[in-house]
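Since the structure comes first, as structure tokens, the remarks are kept for the end.
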Amino acid sequence: MGRILAIDYGEKRIGLAISDEERKFSFELDIWSPHEFSENIKALLAERNIEKIVLGHPLGMSGQKTAKTDEVEKFKKELEKIAQVPVELFDERLTSKMAGKISGDQKNIDSLAAQIILENYINKSNGNA
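Just so we're aligned: the sequence shown equals residues 4 to 132 in the working numbering.
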């Protein structure tokens, strides 16, 4: 089974996390600028045997769309064209706040948020949510 890549998308920084091959555990991977992302995503997908991408879907607290939601949905369409693997949106409400509380360090908050998104996705997929 291939790995899952989780993405916490931002205009300035894109947080990345990856699962193990059994899709039971999630790990922080890296934080890239949008330029680094466009330069390196294809190689990462091939090198790490990524079979699915989970993209954090920013919704308002009551589930409504926001300006950020539209931006991420546009990014998803662009990503689907280049990734050639399924890209699934997954609710990311409160993940950045949780990451900030866990880390206390703003430097890795984006990759930690991606890891929390992936952990939640794995738990839901395995019936543990």
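Note that beta-carbon positions come from the ideal geometry of N, C-alpha and C, so glycine has one too.
Residue burial is scored here from C-beta neighbours: His38 has fewer than 16 other C-beta atoms within 10 angstroms and is therefore classed as exposed.
Where Phe93 is concerned, the enclosing beta strand (DSSP E) starts and stops at 90 to 94. The straight-line gap separating the alpha-carbon atoms of Ala86 and Ile21 is approximately 15 Å. A distance below 9 Å separates the beta carbons of Ile34 and Gly18. Assigned with DSSP and collapsed to three states, Lys55 falls in strand. Given a length threshold of 3 residues, each whole run of the beta strand (DSSP E) inside the region 12 to 51 is given here in chain order: 17 to 22, 29 to 35. The three-state secondary structure of Leu8, taken from DSSP, is strand. Ser114 and Gly13 have their C-alpha atoms spaced approximately 11 Å apart. Between Ile10 and Leu82, the CB-CB gap stays under 9 Å. Excluding five sequence positions before and after Lys27, the CB atoms of its chain that fall closer than 8 Å to its own CB belong to Ile125, Asn129, given in chain order. If you ignore the 5 residues before and after Phe40, its C-beta comes within less than 8 Å of the C-beta of Ile17, all in its own chain and listed in chain order.
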